[in-house]
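Everything on this sheet refers to the single structure shown next.
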Amino acid sequence: MGPKSAMLAAMLAATTLVAAPVAAQPTSAPASASEDATKMALATRIVALAFPEDQRIAMFGGAMDNLYAQMKPPVDQAGDKEAAAITERHISAMRNDIMADLKANSGGLFDAVAKAYVRAFTLQELQDIERFVATPSGAAYVQRSAAILGDPAVAEWNKAYFQRMMAMIETRKLALFDELANHIVETSQP
Numbered sequence: 025m026g027p028k029s030a031m032l033a034a035m036l037a038a039t040t041l042v043a044a045p046v047a048a049q050p051t052s053a054p055a056s057a058s059e060d061a062t063k064m065a066l067a068t069r070i071v072a073l074a075f076p077e078d079q080r081i082a083m084f085g086g087a088m089d090n091l092y093a094q095m096k097p098p099v100d101q102a103g104d105k106e107a108a109a110i111t112e113r114h115i116s117a118m119r120n121d122i123m124a125d126l127k128a129n130s131g132g133l134f135d136a137v138a139k140a141y142v143r144a145f146t147l148q149e150l151q152d153i154e155r156f157v158a159t160p161s162g163a164a165y166v167q168r169s170a171a172i173l174g175d176p177a178v179a180e181w182n183k184a185y186f187q188r189m190m191a192m193i194e195t196r197k198l199a200l201f202d203e204l205a206n207h208i209v210e211t212s213q214p
C-alpha cells in the first residue's frame, strides 16, 4: 500500500472513530414517537458534549494525522527521496482538501451519529451515557479517545499492525491481478 492509500485508510479510520460506538445492535423493541423524540434529544446532547462543535475538526484532523504517521513507511524505507517528497506534497494537498470538505460537511456526520445512537441504545442507556459524558471525566474520556491513537504504546502497536496489513494487502492485490489477468485471457479467446 502506497502513501496515498495509507492516507485514505487513515482518514477512513479517523472517521469511523465517531461511528464505532454505535455499531451495537438495538437493545430494545421499537420505541413510540414520543420516546424516539426524547431519545433523539438525548443523543443530540450526547454528541454535542462528546464532540464539541468547535473541537470536531481538530479532533478528526489529529486522529487522521496520527493514523497516517503510523501507516507510512519509515523514511529509510521510502526509497527515492524525490519521489517521497512529491508523494508527501500531494498527500498534504489531499489532506487539506479532505479537511476543508470535513469542515463544510461534518454536520451531517454528527446528525447521523445522533440518529444511530437512537437506534443503538435504549432510553435508559442514553440517559446513563449523557450523565457520564456531562461530567468532566466523561467529557475528557470521549474527547481524548481519538488522541489516544497518538500515544506511544498505541502508535507502536499500530505501526507493526499496519506493516503486516500492508504486506497482506500487497499479496492479495497481486493474487487478484493474476486471477483477473487469467480470466481476461481465458474469456477473450474465441
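So in our numbering, spot 116 of the sequence shown is number 140, and the numbers just go up one at a time.
Glycine included, each C-beta is placed from N, C-alpha and C at the ideal position.
Rounded distance between the beta-carbons of residue j and residue i, thought under 8 angstroms
i      : j      : result
PHE156 : VAL71  : About 14 angstroms; that fails the 8 angstroms criterion.
THR68  : ALA138 : 5 angstroms
ILE193 : SER130 : Incorrect: roughly 28 angstroms between the Cβ atoms, too far for contact.
Neighbour-count burial assignment, residue i, 16 or more Cβ in a 10 Å radius
i      : result
GLN148 : exposed
LEU91  : buried
ILE208 : exposed
ILE110 : exposed
ALA158 : exposed
ASN182 : buried
Beta-carbon proximity check, residue i vs residue j, cutoff 7 angstroms
i      : j      : result
GLN94  : PHE186 : yes
ALA87  : LEU200 : no
ALA170 : MET64  : no
LEU283 : LEU126 : The requested residue 283 is not part of the displayed model; the chain covers only 25 to 214.
MET123 : GLY85  : yes
ALA74  : VAL166 : yes
Three-state class that DSSP yields for residue i in the structure shown
i      : result
GLU203 : helix
THR51  : Confidence in THR51 is poor, its pLDDT being 49 and thus under 50, which makes the residue's placement unreliable; the coordinate value appears in the next sentence. Coil, per DSSP.
GLU77  : coil
THR159 : coil
PHE145 : coil
PRO176 : helix
GLN94  : helix
SER130 : helix
SER212 : helix
SER169 : coil
SER56  : coil
ASP152 : helix
ASP135 : helix
Residue i: CB within 6 angstroms of a non-hydrogen atom of the ligand NAD
i      : result
LEU200 : With respect to the ligand NAD, the structure offers nothing, as it holds no ligand at all.
Beta carbon proximity, residue i to chain B, threshold 7 angstroms
i     : result
MET64 : The chain labelled as chain B is not found in the depicted structure, where only one protein chain is given.
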